[in-house]
Amino acid sequence: MMQSLIGLGASLIAPSIMKKLKDQKVQVVHAMPGRVRLQSDHWKNEQIANALEREFSTIPLVKNVSASGITGSLLLEFTSDHLTPEQFDEIVQLAVTTSTDCYRYIDSKMKNSMKKGVHSVDTMIKKQTGGNADIESLLVLGLVFKGATGFTTNPAFAGSLLYWAYTLLTREDGRS
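According to my numbering, the sequence shown holds residues 335 to 510 in order.
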């Protein structure tokens, strides 16, 4: 009941703030004097949660901060029981800015899924061949074959495939 009243009051008092929250997909999960819990699916990452905690721990208005990368929530306890709409808006904007600044340091979900898929295929190939082949060696073999057979139709492309195979075989990053 109290949450509904707070939500109704906030939507009546500050419609522009509520519109921004909706656009940014930030939700007020719980609010009471001196305390608010915000949630966003964009914050479901431990690196983002840690960055939010670091950022908000430096703000004098914030007494205590706790973020969860599992639930994507940010719990803030303030030194004051009441925030102005402008202060609340600044808090939300800071949370959004902090999280979006972290994106460049985080592997995408798609990349992580692709890595897992390649690792699974690589493991399967190694098991099936008794460790004699892996996904990279089969890729090099395919590049060499396609490059060698493609010289008559497109020598430039065939040459680039052979060069790519050569660089995979001779790289010195410890994975060859």
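From the three backbone atoms N, C-alpha and C, an ideal C-beta is built for every residue, glycine too. Keep in mind the model is a prediction, meaning the values are calculated, not measured.
Are A499 and V478 close, meaning C-beta to C-beta below 8 Å? Cβ distance < 8 Å, so A499 and V478 count as in contact.
According to DSSP, what are the bridge partners of Y398? The question names Tyr, yet the displayed sequence has Asn at residue 398. Answer is E411, bridged to N398.
Which residues in the same chain as Y439 place their Cβ atom closer than 8 Å to its Cβ, once the five residues preceding and following it in sequence are excluded? The beta carbon of Y439 is closer than 8 Å to those of Q381 in its chain, skipping five residues each way along the sequence.
Would you check if there are 3 or more beta carbon pairs closer than 8 Å linking the segment 422-435 to the segment 447-463? No, the segment 422-435 is not in contact with the segment 447-463.
Considering only the alpha carbon of each residue, which of N488, V360 and E389 lies closest to C436? The shortest Cα separation from C436 among N488, V360 and E389 belongs to E389.
Those residues which DSSP pairs with H453 across a bridge: None, per the DSSP bridge assignment.
Could you tell me the alpha carbon to alpha carbon distance between H529 and A383, rounded to whole angstroms? Because the chain here runs from 335 to 510, residue 529 falls outside it and cannot be looked at.
In terms of residues, what are the limits of the alpha helix (DSSP H) holding V430? Run containing V430: P419 to C436, per the alpha helix (DSSP H) assignment.
Ends of the alpha helix (DSSP H) at V478? In this chain, the alpha helix (DSSP H) harbouring V478 covers I469 to T483.
Work out the CA separation of L475 and N466 for me, nearest whole Å. Approximately 13 Å, taken between the alpha carbons.
Do S407 and R330 have their beta-carbon atoms positioned less than 8 Å apart in this structure? The chain is shown only over 335 to 510; residue 330 falls outside these bounds and no answer can be derived.
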